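Take 7 as the starting number for the sequence shown in this note's numbering and just add one per residue.
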Amino acid sequence: TSYQFDSTEHAENLFALKELGNIYSRIMNPTCDVMEQRVAALEGGVAALALASGQAASTFAILNLCKAGDNFVCSTDIYGGTWNLFQNTLKDLGIECRFVDPADPENFRKATDDKTRCYYAETLPNPKLHVFPIKEVADIGRAEGVPLIMDNTAAPILCKPLEHGAAVVIYSATKYMGGHG
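Written out as structure tokens, the structure is:
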């Protein structure tokens, strides 16, 4: 949809980002805005972005930090679809995923080099459900200047990764958060 403007000046101010408001639903939507504000509040974060899927959230999170020639370090304990995205699709974009066993958090440090842009893991990985050592890996990342992205799909409300040092939290809202998938 498009939105009604009070005047040409109002439209100009919105498009120039001099004034907050809705311009076009592909770039902002009041319904999504409410969801984004609530998810940010739930996590204790500063902002959120609603996307079409959990895979889109994973992709955006990685692509926000990595470009061709970069790498990121990921727990081996992740959902198979995410593994495929990281191992194949992002590889085709020139981004290397280095998988490590999270049983020893030091594996993240060992796989880190000057092209490592982030760490990625799931709080309760699908399908193993072994609790990921958020604080330990976040502390390693902070010392290396590498942010930790946590997929918290399986533990909304129960776990708040930002409180344990994660920099970014993502969800697939169709699971526990929305319950409709």
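Built from N, CA and C at the ideal position, the CB exists for glycine as well. Owing to the predicted nature of the structure, the values given are computational and were not obtained by experimental measurement.
Every unbroken stretch of the alpha helix (DSSP H) spanning 4 or more residues and falling wholly within the stretch 61 to 96 is given here in chain order: 86 to 90. For methionine 156, the pairing in a beta bridge is given by DSSP as Ala127 and Val175. The C-beta distance from alanine 172 to alanine 144 rounds to 6 angstroms, short enough to fall under 8 angstroms. The count of Cβ pairs closer than 8 angstroms, one atom from the stretch 127 to 144 and one from the stretch 10 to 25, stays below three, leaving the stretches out of contact. Contact annotation: leucine 48 and isoleucine 155 have beta-carbon atoms that are not nearer than 8 angstroms. Take alanine 54, set aside five residues on each side of it, and the residues of its chain with a beta-carbon closer than 6 angstroms to its own are Glu42, Val45 and Ala46, in chain order. By the Cβ neighbour-count rule, leucine 96 is buried, with 16 or more other Cβ atoms within 10 Å of its own. When DSSP reads this structure, valine 106 sits in a beta bridge with Ser81.
The beta carbons of lysine 121 and glycine 50 sit no closer together than 8 angstroms. Taking 8 angstroms as the cut-off, the beta carbon of arginine 115 is found no closer than this to the beta carbon of asparagine 77. Taking 8 angstroms as the upper bound for CB-CB distance, tyrosine 125 and valine 79 are in contact here, some 5 angstroms apart. Each of Gln93, Val40 and Ile33 was checked against the Cα of threonine 65, and the nearest Cα belongs to Gln93.
The residues Glu128 and Pro131, in chain order, have a CB closer than 6 angstroms to that of isoleucine 84 in the same chain once the five nearest residues on each side in sequence are set aside. In this structure, the beta-carbon distance from serine 178 to serine 13 does not fall below 8 angstroms. Taking C-beta atoms as the reference points, glycine 87 and glutamine 61 count as a pair closer than 8 angstroms.
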